[in-house]
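The structure appears below as structure tokens.
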Amino acid sequence: MMCRQISKWLCILMLSGLVTPMCGCGQRAARTEEVPAPVRPAGTIGSMAELYEFGAIPVKGWGIVAGLAGTGSSECPPALRDVLVKYIQQQVSGQSKVDPDGFINSPDTAVVQITGVIPPIASKGDRFDVEVVALEGTQTTSLDGGRLYPAQLKAVSRLQRFDQYSETLATAGGAVFIDKLDSDAGPRTKGSVLGGGLVVEDVQISLVLPEPNYLTASAIRNQLNERFGPGTARAISPSRIRLKVPPKFKAEKDRFLAMVTTLSLGQDEQVQQRRIETLVERLVRGEDVAISQIALATIGKAALDELAPLLSTSDERVRFHAAVCMLRIGDDRPLSVLRQIIADGSSPYRIEAIRAIGAGARRDDAIAILNSALADTDFAVRFAAYEQLRNLRDISVTQIPVAGDFLIDSVTCAGERSIFVSRSGIARIVLFGAPIYCKNDIFIESDDRSVVINAGRGDKFVSVMRKHPKSPRLFGPLRSSFNLADIIRTLGEVLPPDDKPMIRPGLGVAYSDIVVLLKRMVERGAVEAEFKAGPVAGAIVEKITTNDR
């Protein structure tokens, strides 16, 4: 009887799950332990990992400027001379017979120090301005008209001696630009090479997890590759994900990195919807607008329903930011809003709207809107539209390289004719309202009277001539049409060698001098156009607070 009652209670307890059934003769049944499912990481990538990137990197090197008209010098510290001699021998090995010491000793060359700053998040092939300065204590009097021979640039913080080995981060070379538009431009023993620095390798960008976790690293990698394309992210360890900037973000690297940090993992639809609503509210209130814009664009199409009603609000600021955000997502509904903003001469968002359309709209839509902006009365608006059209390779912008030293961009557009010359970045002359023609019956001369542009009344061509900088010899006169682009090419192209007579001839006038001649032609009425000079290359400072490699 007692045994039956015990069996009854055991059955009840077993059914209740409170007692483990016994198996066999006096043996305990094996317990099956459930392995907990891995927890999928949730939150933004920026909350899980720290973005590790190099900031601007100051670089320095030494090299030789050649092509000087007797204004160089032979002085050079012995240790630096040894380094330069070895470098010259390596560069010209097997190509030509060059006496390195004789080359350095020539009065037509000068040893210079080169400084520059590699921009943050730089990619291989990116260009930056470099400054060249004749060595102190030498007899070099001018670098005007010279050309910097290829040189290596290394991190300032790791270069203490001329002969010290250090990784080459960039190279430098090209025509020396000396600003002659400003009377207080400084001594001519200092100049710059516009866009003369060339980055030799990509700067590494990584996401670093404070607590190594391969599951989290893999989840981040997979999400980034799904959002931005295969190869964007690579988990090289449980604590580090290496990033590669996708081609479409090459001109917007900062934006790409911001999108990376705001990208979310493991959020369900309800959580994401609440996040969208919060971000839209911030956008409307004007709080953290840039971050909210990027976060919404990163979320993508799921945010469109909340953003679309903002296109009809009376607040232009809200309309603009919502339109830019939607355009970035790939929606073309905001194009009409951005077009109206660009056309409104009183809007403070015109240039930003132009850049947004150039970067986010479909090519045909962008070109149609941007071409209308080329005729604007505000030159800043015209220039912004031109830059976007140039990036889109539209036929309204025709580009001609001159002697490998600078570019002529001819812009076909209505509106006032304008001539823009750059003094930083890539050396270029932009002709708005091309073709621009020169008048006849003109006589334009450079300050030193070495270059003359002349056309008498009734002449069918413009005569261009140049005196040799070191002798009474005269180059030219060469004939040019009255088209200003043709005159610039005749000035800037080099004289062809005897064995290549079919190459277009030119006088080899430096970009620095052509810029001054163009300004003079405008001032004296030889060309009916306004003259615009871009900003001067920023001062290059060695001591910068930065992350260095």
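Residue 78 in the working numbering sits at position 76 of the sequence shown; the count goes up by one each step and never skips.
Just so it is clear, CB atoms sit at the ideal spot from N, CA and C, and this is done for glycine as well.
Expected contact under 8 Å - CB spacing of F477 and Y439 to nearest Å: That pair is no contact at about 24 Å.
Sequence-distant residues of its chain with Cβ nearer than 8 Å to D380 (five each side left out): Excluding residues within five positions, the ones whose Cβ falls inside 8 Å are G347 and R352.
Residue from F445, V432 and I207 with nearest C-alpha to A457: Ranked by Cα distance from A457, the options F445, V432 and I207 are led by F445.
Span of the beta strand (DSSP E) around Q275: Where Q275 is concerned, there is no enclosing beta strand (DSSP E), although the alpha helix (DSSP H) around it starts and stops at E271 to R287.
Proximity below 8 Å, CB of I359 to CB of A487: Cβ distance not < 8 Å, so I359 and A487 don't count as in contact.
Element boundaries [beta strand (DSSP E), containing T173]: Residue range T170 to A177 is occupied by the beta strand (DSSP E) that includes T173.
Cβ distance (whole Å) where D110 is taken to contact A68 below 8 Å: Correct: roughly 6 Å between the Cβ atoms.
Whole-angstrom distance between V195 and A136, CA atom to CA atom: Going from the Cα of A136 to the Cα of V195 covers about 14 Å.
Touch test, the region 224–237 against the region 79–88, Cβ-Cβ under 8 Å, three pairs minimum: No, they do not touch.
D411 - partner residues in DSSP beta bridges: Beta-bridge analysis with DSSP links D411 to Q401 and V432.
Three or more C-beta pairs below 8 Å linking the region 103–118 and the region 145–155: Contact between the region 103–118 and the region 145–155 is present, with at least three C-beta pairs closer than 8 Å.
Minimum length 4: unbroken alpha helix (DSSP H) runs contained in the region 90–137: The qualifying runs are 102–107.
Rounded separation between E133 and I66 - CA only: Their Cα atoms are separated by approximately 13 Å.
Neighbourhood of D443 by C-beta, 7 Å cutoff - its chain only, sequence neighbours within 5 removed: Listed in chain order, the non-local C-beta contacts of D443 below 7 Å within the same chain comprise A457, G458 and R459, local neighbours out to five positions each way being set aside.
Cβ shell of Q215 (< 7 Å), same chain only, five flanking positions each side left out: One point to set straight first is that residue 215 is Asn, not Gln, in the sequence displayed. Closer than 7 Å at the Cβ level, and outside the excluded window around N215, lie P240.
Among G147, Q141 and D184, nearest to E77 - alpha-carbon criterion: With distances taken between Cα atoms, E77 lies closest to Q141.
Pairwise C-alpha distance: E525 and K534: When rounded, the distance between both Cα atoms is 12 Å.
C-alpha gap between P122 and E254, whole angstroms: Those two C-alpha atoms are separated by around 12 Å.
For V511 and G536, the rounded distance between their alpha carbons: Looking at the two C-alpha atoms, the distance is approximately 20 Å.
CA nearest to the CA of K441, picked from R236, S448, I455 and K126: Taking only the C-alpha atoms, the option nearest K441 is I455.
Through-space distance from E532 to E1, alpha-carbon basis: Given a span of 3 to 551 for the chain in the structure shown, any question on residue 1 remains unanswerable.
Neighbourhood of D204 by C-beta, 6 Å cutoff - its chain only, sequence neighbours within 5 removed: If you ignore the 5 residues before and after D204, its C-beta comes within less than 6 Å of the C-beta of S125 and K126, all in its own chain and listed in chain order.
Local Cβ density within 10 Å of R287, reported as buried at 16 or more and exposed below that: With a threshold of 16 other beta carbon atoms within 10 Å, R287 falls short and is exposed.
Near the ligand ZN: R321 beta-carbon under 7 Å from a heavy atom: Although the ligand ZN was asked about, the structure shown includes no ligands whatsoever.
Pairwise C-alpha distance: D256 and G148: If you take the alpha carbons of G148 and D256, they lie about 36 Å apart.
Outcome for H323 when other beta-carbon atoms lying within 10 angstroms are tallied against a minimum of 16: Looking at its Cβ environment, which holds 16 or more other Cβ atoms inside 10 Å, H323 is buried.
Cutoff 8 Å: S108 Cβ touching any chain B Cβ: In summary, chain B is missing from the structure at hand, where a single protein chain is found.
Three-state secondary structure (DSSP) of F533: It is a strand residue.
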